[in-house]
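Novice: Numbering (the working numbering), first residue to last: 27 to 211. Beta carbons are placed, not taken as given, at the ideal position from N, Cα and C, and that holds for glycine.
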Ligand code: NI
């Protein structure tokens, strides 16, 4: 199993419209497994295929939150609850909106408060190719909306003013350049 590289802003591929997945086959399952490895390693809680330069409508989410523990007991390691969304469609968005502090593996180390609908209903195919539907709130809803945006070439910074957006991209570019040219001693 190999780790995939995650593309970062301002890579123009992040602006591409991803095309529907036509077949849930072994190649797709391999890609899903490699994307999970890549996401856990990053670490992140969501990853869209376009972020590993595959313009297909596929995304993964795993909030990896620990189970609630009785008071006084140590928190265990995060529990893995992997979700695979193939050709996801958000079919309903609540009028009520909520703010969340978001980041993105393609915009490393930059965060911003983004307002989105609180609750969404979605339809998708799972990794067996079965049709699924569900309603999501909280972090799961934020994550699903952020990742579906990726499939449409939209980044969380597009929900900010142009000035803020440009500043964030500049910071990412500069940090990458610094990293590449610095003598690490
Ligand atoms: Ni992202």
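For residue 63, which residues of its own chain have a beta-carbon under 7 angstroms away from its beta-carbon, when the five flanking residues on both sides are left out?
Specialist: Once the five neighbours on either side are set aside, the close Cβ partners of residue 63 are 27, 29.
Novice: Within the present structure, is the beta-carbon of residue 130 separated from the nearest heavy atom of ligand 1 by less than 7 angstroms?
Specialist: Yes; taking the cut-off as 7 angstroms, the Cβ of residue 130 has a heavy atom of ligand 1 nearer than that.
Novice: Do you know how far the Cα of residue 175 is from the Cα of residue 144?
Specialist: Taking the straight line joining both Cα atoms gives about 15 angstroms.
Novice: Taking the alpha carbon of residue 158 as the point to measure from, which residue in 202, 111, 89, 129 has its own alpha carbon closest?
Specialist: Among 202, 111, 89, 129, the Cα nearest to that of residue 158 belongs to 111.
Novice: According to DSSP, is residue 119 helix, strand or coil?
Specialist: Residue state, collapsed to three classes: strand.
Novice: State the start and end residues of the unbroken beta strand (DSSP E) segment that holds residue 159.
Specialist: Segment 157-162, the beta strand (DSSP E) holding residue 159.
Novice: Anyone know if the C-beta pair for residue 181 and residue 85 falls short of 8 angstroms?
Specialist: No, they are not a contact pair.
Novice: Decide if residue 141 is buried, meaning its Cβ has at least 16 other Cβ atoms within 10 Å, or exposed.
Specialist: Residue 141 should be labelled exposed.
Novice: Classify residue 59 as helix, strand or coil using the three-state DSSP reduction.
Specialist: The answer is helix: DSSP assigns residue 59 an H, G or I state.
Novice: Spell out a yes or no on whether the region 86-106 and the region 71-78 are touching, meaning 3 or more CB-CB pairs, one atom from each, closer than 8 angstroms.
Specialist: The region 86-106 is in contact with the region 71-78.
Novice: Is there contact here, the region 100-107 with the region 121-131, by at least three beta-carbon pairs under 8 angstroms?
Specialist: No, the region 100-107 is not in contact with the region 121-131.
Novice: Could you say which of 47, 101, 189, 160 lies nearest to residue 83 if we only look at CA atoms?
Specialist: Nearest C-alpha to residue 83: 47.
Novice: Provide the residue span of the alpha helix (DSSP H) that contains residue 206, from first to last.
Specialist: Its alpha helix (DSSP H) spans residues 188-207.
Novice: Please work out which residues of its chain come closer than 7 angstroms, Cβ to Cβ, to residue 134, disregarding the five sequence neighbours upstream and downstream, and give them in chain order.
Specialist: Hits under 7 angstroms: 34, 198.
Novice: Would you mind sorting residue 168 into buried or exposed? The rule is 16 or more other CB atoms within 10 Å of its CB.
Specialist: By the 10 Å Cβ count, residue 168 comes out buried.
Novice: Is it buried or exposed for residue 78, if we count other Cβ within 10 angstroms and need 16 for buried?
Specialist: The residue in question, residue 78, is buried, as its Cβ has 16 or more Cβ neighbours within 10 Å.
Novice: Spatial neighbours of residue 115 within its chain, please: C-beta separation below 6 angstroms, excluding the five flanking residues on both sides.
Specialist: If we look at residue 115 and ignore the five residues flanking it on each side, its Cβ neighbours are 149.
Novice: My parser needs the beta strand (DSSP E) runs of 3 or more residues fully inside the region 74-108; what are they?
Specialist: Listed in chain order, the complete beta strand (DSSP E) runs (minimum 3 residues) inside the region 74-108 are 84-87.
Novice: Could you name the residues of the same chain whose beta carbon sits closer than 8 angstroms to that of residue 59, not counting the 5 residues immediately before and after it, in chain order?
Specialist: Cβ within range, chain order: 27.
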